[in-house]
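Take 25 as the starting number for the sequence shown in the numbering used here and just add one per residue. Note that beta-carbon positions come from the ideal geometry of N, C-alpha and C, so glycine has one too.
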Amino acid sequence: MLKYFGRKAILAIGTFLMPFIVSSIALFVNRLTGEQWIDLIQWLVPSVLMIYNISNVTQKIGTKKEEKTDK
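Below is the structure:
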């Protein structure tokens, strides 16, 4: 039970902090290169993470349905 809530808490905190982390990385890269990478990184990273989360959730739903049908 504690593992479940700990995992959910880490995911919630990570989801909340993700925009701040992404924007700080984009600003750091912008200072290093002097080019406008901020827009690209701020749009690319969240969209990739969203696609990954959706695929991960659908895989979990599929495995739960298979477990129910096996019993």
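Look at the alpha carbon of lysine 32 and the alpha carbon of threonine 57, and state the distance between them as a whole number of angstroms. 37 angstroms
Glycine 58 by DSSP, collapsed to three states: which one? coil
Label alanine 36 either buried or exposed according to how many other C-beta atoms from any shown protein chain fall within 10 Å of its C-beta, with 16 as the threshold for buried. exposed
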